[in-house]
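Numbering (our numbering), first residue to last: 255 to 1055.
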């Protein structure tokens, strides 16, 4: 026993030495300090308060080598906001991933700091950004570059004389939180490229009347817009934080090889990228090396990265990144270091695409019942086992090639970039991993993820549920699964998975499938990827369009260890550097629901008020006014509504309603409440039950039943916008009241009020709208009088708060 006690320290010391030898020398530490603050930033000619990092907008580029230990001290110098930083695309312990409410990470309160520390287990082009509120939109984003160990390229074809980051982003004059509030006020707030009556006429001339009517009927039934390529407009597009007016400039010498690391750090924008006069060789996607592919242009979705090589021959090139809604460019200059820098002339915009029935998963005019498409909650989880091959075929099918066309000539299909004849646009099917995949097992099961949403309410969901409603998805540690993204919406969604890479099923062999951390799912399409769940923890999965995620398009993937056998079989993926596997039952609950106000459970309010002054054919003056306020969440809202009018020679009539409004379906609310009506001959309080929503054909509809012991009546309000131009809008409308039963002798049953009108407004902005109105009215309430009918014309003003 004594000899054992003597030898025990020696045994322990030997074991410690063995472990040190096995672990190798300690990793080199590279350290950064990031100070997050709010400062004036001038991009568009006026100073606006935005997020800065170390006084820079956008945040500085962080550079490392693979194998180093990153130590990043984030200091929150904001006065009244928590903050966070997510390291996009990096493999790291869950607690360091930077998502508040996940893996026990609480966020970084004002006046405090947090130390991120993790070993770099990969190389490539990545980036970092806030995962709190709308701080990413407001400036908290930067490049994160991990060079191969020793700065040596992975392959000889990747050698270059110059290496530049090209970070694309979208800057708005409004802060991100106000943009979100505006989207909730009205679905059309940023829709300034909608089709007008002139566009309908051109389609009739091109396709014929019957074909046009059939297609319009389909879109009207779905209550979707063919022009809905981008939810937010009004952006100034930037390259490395600089607008086209003062472009970023990269230098070279003719004959040099230049590496450009493209990062789409935009909040809401896709870009079609090209450098006229140069071929581009794609060598990396989402930071992971791929076999070289030569293209003339590529589409980069939000949060994706691509590395390309170019070999300039001339002295000057303009890098063009055009938003897919064709609302603007991010431009940069590449030129000979010996040549003077000259201004950039903005190029002509490509034709914008219009969505088609094929984009929505339907053949054109196929006779499908559009009413059966539920885009908020698609519950059909049956999956064609070959569906993952359809994406590549569809993408190629719609990648149109065209001679140069005018901007006013639309092209058909989301994927149609109007690529000139003879030019190649990069397709997902072109990507093949440069190195063989380490895990080539077939999937043990499928996880079907339906992508849905409603532009009318601005709600976005996964499997029909917002983040605040969803249960986390459980994956067994080491499990091989297929993620199948089924897009039931009219928008493309860049789906991002934290903490792990997905292998995109693009038609390549299992060994050559490319790694992706962000996958674009086009409208109406199905895209799938394989995943080895080899990173224990709680990982966010979400649409990387910022306001889609904020509206609920997010969930949690929990990767938990369930057996020692599974752990030992796949532990080699971690190289001895990972957090303890998740095993507790507490980890299987969505603890991030405490942060639901950032992801789909916010409270919003809006007020719409209008007042008009009228004259009838007898030159009698009158006025009409209405105010409507709404406050609440997506599902539960309080409506306060009042309207009144006064005719010459009559007392004023008033209606006031207080309604609780509960979401029943994507387009309809059920409403309950009380109301008060006052007329010359009577007044009453009544209970109200009814519906509020958007009927097929984009008809805004309010239908209410007023219930009083002495009087029961139905009221209807219906209106529909028709665009003359983007700002001149005409609106036919109908207001009516029909009395079902009346116990008062002096009053009659039947149609008592009817107003049919045509209001034409000019939108100075979405908030200020002067209008002219022409209406015919019919009133007949008293049983012993004749109906009063008249024409009225008026001028007025509508305000949105």
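Don't be surprised by glycine CBs; every beta carbon is placed ideally from N, CA and C.
Can you name, in chain order, every residue of its own chain whose Cβ lies under 8 Å from the Cβ of residue i, other than the five neighbours on each side?
i            : result
residue 1038 : 1000
residue 374  : 318, 319, 320, 321, 322, 323, 324, 344 and 400
residue 461  : 469
residue 529  : 564, 571, 572, 573, 574 and 588
residue 281  : 321, 322, 323 and 373
residue 416  : 504, 505, 506, 510, 511, 512 and 513
residue 431  : 387 and 388
In chain order, what residues of the same chain have a beta carbon less than 6 Å from the beta carbon of residue i, not counting five sequence neighbours either side?
i            : result
residue 286  : 316 and 326
residue 908  : 898 and 932
residue 1007 : 991 and 1033
residue 972  : 953, 955 and 988
residue 728  : 812
residue 677  : 550
residue 505  : 591
residue 1010 : 988 and 1030
residue 1046 : 868, 870 and 1029
residue 639  : Here residue 639 scores only 41 on pLDDT, less than 50, and its place in the model is too uncertain to base an answer on.
residue 880  : 864 and 897
Tell whether a beta-carbon distance below 9 Å holds between residue i and residue j.
i            : j            : result
residue 411  : residue 383  : no
residue 945  : residue 962  : no
residue 581  : residue 452  : no
residue 394  : residue 372  : no
residue 614  : residue 476  : yes
residue 925  : residue 965  : no
residue 555  : residue 771  : no
residue 794  : residue 810  : yes
residue 418  : residue 527  : no
residue 429  : residue 303  : yes
residue 697  : residue 792  : no
residue 755  : residue 703  : no
residue 426  : residue 488  : yes
residue 1002 : residue 1035 : yes
residue 480  : residue 609  : yes
residue 672  : residue 605  : yes
residue 777  : residue 807  : no
residue 576  : residue 557  : no
residue 875  : residue 902  : yes
residue 1118 : residue 927  : Residue 1118 is absent from the structure shown; the chain starts at 255 and stops at 1055.
residue 670  : residue 600  : no
residue 297  : residue 389  : no
residue 733  : residue 348  : no
residue 1052 : residue 862  : yes
residue 685  : residue 860  : no
residue 338  : residue 358  : no
Residue i and residue j look like a contact to me (Cβ under 8 Å); what is the Cβ gap, rounded to whole Å?
i           : j           : result
residue 813 : residue 731 : 6 Å
residue 710 : residue 516 : At roughly 34 Å, the Cβ-Cβ gap does not stay under 8 Å, so residue 710 and residue 516 are not in contact.
residue 312 : residue 423 : 7 Å
residue 705 : residue 775 : 6 Å
residue 712 : residue 437 : 5 Å
residue 435 : residue 858 : 6 Å
Give me whichever residues DSSP pairs with residue i in a beta bridge.
i            : result
residue 512  : 416 and 564
residue 376  : BP columns for residue 376 are empty, so no partner.
residue 993  : 967 and 1004
residue 954  : 948 and 973
residue 895  : 882 and 911
residue 1049 : 867 and 1026
residue 1011 : 987 and 1029
residue 291  : 306
residue 767  : DSSP, once it has assigned bridges, lists no residue as partnering residue 767.
residue 796  : 750 and 808
residue 590  : 506
residue 666  : 608
residue 687  : 544
residue 862  : 882 and 1054
Quick one: residues in its chain with C-beta nearer than 7 Å to the C-beta of residue i, no 5 flanking neighbours on either side, listed in chain order?
i           : result
residue 967 : 960, 991, 992, 993 and 994
residue 314 : 307, 308 and 396
Answer yes if the region 575 to 587 comes into contact with the region 490 to 499, meaning at least three C-beta pairs across the two stretches below 8 Å, and no otherwise.
-> Yes: the two stretches touch, three or more of their Cβ pairs being nearer than 8 Å.
Can you find at least 3 beta carbon pairs, one from the region 543 to 557 and one from the region 352 to 369, that sit closer than 8 Å?
-> no
Just checking, does the region 505 to 523 make contact with the region 798 to 811 on the three C-beta pairs under 8 Å criterion?
-> yes
With contact counted as at least three CB pairs below 8 Å, one residue from each stretch, are the region 702 to 716 and the region 751 to 762 in contact?
-> Remark: fewer than three beta-carbon pairs, one from each stretch, lie closer than 8 Å, so the region 702 to 716 and the region 751 to 762 are not flagged as touching.
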